[in-house]
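For the sequence shown, the residue numbers in my numbering are 45 to 406.
Note that CB positions come from ideal geometry on N, CA and C, so glycine has one too.
Only one structure is covered here, and it is reproduced in the block below.
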Amino acid sequence: MVRGLFAAAVLLLKNSREKRSRALFAGLAPLFLLVLALGSCRYDTAFPEPDTKALLNLPPGFESPDFPEDNALTQERWELGKRLFYEPALSVDSSISCASCHAQNLAFSDGRAVSLGVADAPGTRNAPTLTNVAYHPYFMREGGVTTLEMQVGVPIQEHAEFNFNFVLLAERLSQDESYQQQSRQAYNRKIDPFVISRAIATFERTLISGRSAYDRFLQGENSALDAAALHGKDLFFSERTSCSSCHAGFDLTAYAFENNGLYTDYADPGRARLTGLESDRALFKVPTLRNIAVTAPYMHDGSLPNLEAVVAHYRSGGQAHPNKSALIRPLDLTDQEAADLLAFLQTLTDHEFLADPKFQPE
Ligand code: HEC
Ligand code: HEC
45 MVRGLFAAAV LLLKNSREKR SRALFAGLAP LFLLVLALGS CRYDTAFPEP DTKALLNLPP
105 GFESPDFPED NALTQERWEL GKRLFYEPAL SVDSSISCAS CHAQNLAFSD GRAVSLGVAD
165 APGTRNAPTL TNVAYHPYFM REGGVTTLEM QVGVPIQEHA EFNFNFVLLA ERLSQDESYQ
225 QQSRQAYNRK IDPFVISRAI ATFERTLISG RSAYDRFLQG ENSALDAAAL HGKDLFFSER
285 TSCSSCHAGF DLTAYAFENN GLYTDYADPG RARLTGLESD RALFKVPTLR NIAVTAPYMH
345 DGSLPNLEAV VAHYRSGGQA HPNKSALIRP LDLTDQEAAD LLAFLQTLTD HEFLADPKFQ
405 PE
């Protein structure tokens, strides 16, 4: 259940704190170096080259995301990244690709409670949408990975995902002359973990979505929301529900870590898995609500099957948990108000994004 890179980091921390086994440290050192190599990138705010505007296709009012200094957006990098995103050879038995769990028509999620990796091995968490990941300050539900480049290493090594190895993967792809050629064009070097992680991250940074009915309403198209959705929007942004206190800003999340009272006792430690702090137990990154109508089932473990169940959960105030946010408490909503809230959530779907041919495999 513990994810590869993250587990290594935690073990390293624990190990150095307790000054225990040097052998263990030596065993993990290559992985640690790989993490450093993959993660050494600084961000700059320069707007990408003009010829990449079509790739970004920024919705009205959206700022360009930052691209790392060593991984600026280019057409060649993006094309290689897209090819790799749909490449089953990334998995040990060449059976599944990133897109198996992050499918475009589901806003790059997979419709399952928990994902299935190679040989149908079940994971422990629900695959989140990749909508607007370019703007996230950290990744995974506990926030344990800080860049998209580093994140690529997780599914490659995770047993319940690709169950493979970055070095062997690079060797496998090196056999294919067309990959070598694309790698030289994109990064001026042979295909290796550096290239694979950067190209995929480049593709992911263009998964930008902001053309829902709600966005059109914000841009001044008053008829984009009907009466029910308008009323639901007012409820969403009201102190009566506090939804927008956590699901705040243009991406409908401020990316904070919160507990929303699903259980009194969680199987998944949430952010405590990273920090070891009791005060972080069962806190999860607040998800975006963009394209929420197509990313069922919901929550870190996919335990709520539909949006009706989500609204019912918040209405009830959820279960008592020591770390539950004070904002999660029984809501005094009529059935009509609950239905209107749901109608608003359904206006957050960006149909252009879900069908954009640009994101489809060649
Ligand atoms: C077997 C299913 C599966 C495959 C294959 C898979 N993922 Fe995921 N992905 C998940 C799950 C489950 C999570 C949530 C993991 C967590 O929080 O611990 C996730 C999380 C992510 C995140 C973090 C999103 C966020 O909001 O923090 C990114 C980015 C991502 N995956 C990209 C990829 C890429 C790129 C690939 C291919 C290299 C890939 N995934 C392959 C299931 C999968
Ligand atoms: C205290 C902060 C907080 C408040 C207030 C809050 N949420 Fe959430 N919301 C979260 C967190 C944290 C999660 C993810 C929990 C998990 O992964 O188990 C979440 C998950 C969701 C999801 C599922 C997202 C997904 O991709 O699985 C929906 C839908 C949602 N919230 C809607 C709402 C609505 C509607 C309201 C108001 C009635 C609301 N939230 C109020 C923190 C909050």
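Spatial neighbours of residue i within its chain, please: C-beta separation below 7 Å, excluding the five flanking residues on both sides.
| i | result |
| --- | --- |
| G71 | With a pLDDT of 43 at G71, under the threshold of 50, the predicted position of this residue should be treated as unreliable, though the coordinate-derived value follows. If we look at G71 and ignore the five residues flanking it on each side, it has no Cβ neighbours. |
| S84 | Any reading at S84 must be qualified, since the residue scores a pLDDT of 45, below 50, and its modelled position is unreliable; the value itself is stated next. Excluding sequence neighbours, S84 sits near nothing in its chain. |
| S139 | P132, V162 |
| A143 | F129, Y130 |
| E396 | R255 |
| N149 | L398 |
| A243 | R121, L124, G125, L128, A230 |
Under the assumption that residue i contacts residue j (Cβ atoms under 8 Å), give the Cβ distance between them as a whole number of angstroms.
| i | j | result |
| --- | --- | --- |
| D295 | T332 | 5 Å |
| A337 | L389 | 6 Å |
| S135 | C145 | Not a contact, Cβ separation roughly 11 Å. |
| G330 | A311 | The sequence given here has Val at residue 330, not Gly. So it is not a contact: roughly 20 Å between Cβ atoms. |
| F111 | L102 | The pair is not a contact, with the Cβ atoms about 13 Å apart (cut-off 8 Å). |
| Y258 | T391 | 5 Å |
| R334 | D400 | Not a contact, Cβ separation roughly 14 Å. |
| L327 | E302 | 6 Å |
| A151 | P341 | The pair is not a contact, with the Cβ atoms about 14 Å apart (cut-off 8 Å). |
| G167 | E107 | In fact, because the Cβ distance is near 33 Å, the residues do not count as touching under 8 Å. |
| N170 | M343 | 7 Å |
How would you label residue i, buried or exposed, when you count the other beta carbons within 10 angstroms and need 16 or more for buried?
| i | result |
| --- | --- |
| D324 | buried |
| L321 | exposed |
| T378 | exposed |
| G314 | buried |
| D137 | exposed |
| G362 | buried |
| A230 | buried |
| T308 | exposed |
| S282 | exposed |
| K368 | buried |
| Q219 | exposed |
| P165 | Per the sequence presented here, residue 165 reads as Ala, with Pro not at that position. It is exposed - the Cβ of A165 has fewer than 16 other Cβ atoms within 10 Å. |
| P172 | buried |
| P405 | exposed |
| S141 | buried |
| P366 | exposed |
| E381 | buried |
| S153 | buried |
| A364 | exposed |
| E215 | exposed |
| N304 | buried |
| E202 | buried |
Short of 8 Å in beta carbon distance, which residues of its chain neighbour residue i, apart from the five on each side in sequence? Order them along the chain.
| i | result |
| --- | --- |
| T285 | L279, Y358, L375, L377, L385 |
| V211 | P237 |
| L262 | G105 |
| A147 | S153, D154, G155 |
| S289 | L371 |
Short of 6 Å in beta carbon distance, which residues of its chain neighbour residue i, apart from the five on each side in sequence? Order them along the chain.
| i | result |
| --- | --- |
| A387 | A272, A273, G276 |
| K126 | F247 |
| A298 | A292 |
| E186 | G314, R315, R317, L318 |
| L217 | Y223, I235 |
| G264 | none |
| T96 | L117 |
| Q226 | L124 |
| L99 | W122, T250 |
| A245 | L192, E193 |
| F403 | Q148 |
| N207 | V136, V162 |
| V355 | A382, L385, L386 |
Check whether the region 169-188 and the region 122-131 touch, using three or more Cβ-Cβ pairs below 8 Å as the test.
no
Decide if the region 182-202 is in contact with the region 269-285; the criterion is three or more beta carbon pairs, one per stretch, under 8 Å apart.
no
Could you tell me whether the region 334-349 touches the region 193-211, using the rule of 3 or more Cβ pairs below 8 Å?
no
Decide if the region 355-375 is in contact with the region 246-254; the criterion is three or more beta carbon pairs, one per stretch, under 8 Å apart.
no
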